[in-house]
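Trainee: What follows is a single structure, and I will ask about it in a moment.
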Amino acid sequence: MTKRKAKPIDWDALDLEVRNLRYEQISPEERLRKAGKLAEIYLQAGKPLPNSLAVLV
Numbered sequence: 006m007t008k009r010k011a012k013p014i015d016w017d018a019l020d021l022e023v024r025n026l027r028y029e030q031i032s033p034e035e036r037l038r039k040a041g042k043l044a045e046i047y048l049q050a051g052k053p054l055p056n057s058l059a060v061l062v
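If you read the sequence shown in our numbering, its first letter stands for residue 6, the second for the next number, and so on.
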């Protein structure tokens with residue numbers, strides 16, 4: 006088996022996704038679920054959470 010290479014993270018796109026999270030027409034539960042997944046990406050990369058994301062998780 007070959008080892009999979011991790012895909013590079015497009016931080017600009019991820020930041021935009023975090024900013025747009027507050028405007029999506031979704032339930033509060035879904036918003037928290039998405040925020041948790043986004044936070045996981047930041048934490049695994051060793052980056053601090055954006056403020057708008059930190060208040061949700």
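Glycine residues also receive a C-beta, built at the ideal position from the N, C-alpha and C atoms.
Note that the coordinates shown come from a computational prediction; the quantities given were computed from them, not determined experimentally.
Taking the beta carbon of Val23 as the centre, do at least 16 other beta carbons fall within 10 Å, making it buried, or is it exposed?
Mentor: That one is buried.
Trainee: Can Ala44 and Leu61 be called in contact, C-beta distance under 9 Å?
Mentor: Their beta carbons are under 9 Å apart, which means Ala44 touches Leu61 by this criterion.
Trainee: Here's a check: name, in chain order, each residue in its chain whose Cβ is nearer than 7 Å to the Cβ of Lys52, leaving out the five neighbours to either side.
Mentor: Within the same chain, Lys52 has no close Cβ partners at all.
Trainee: Taking buried to mean at least 16 other C-beta atoms within 10 Å of its own C-beta, is Ala50 buried or exposed?
Mentor: It is exposed - the Cβ of Ala50 has fewer than 16 other Cβ atoms within 10 Å.
Trainee: Note down the Cα distance separating Ser32 from Ala18, rounded to an integer number of angstroms.
Mentor: The straight-line gap from Cα to Cα measures roughly 22 Å.
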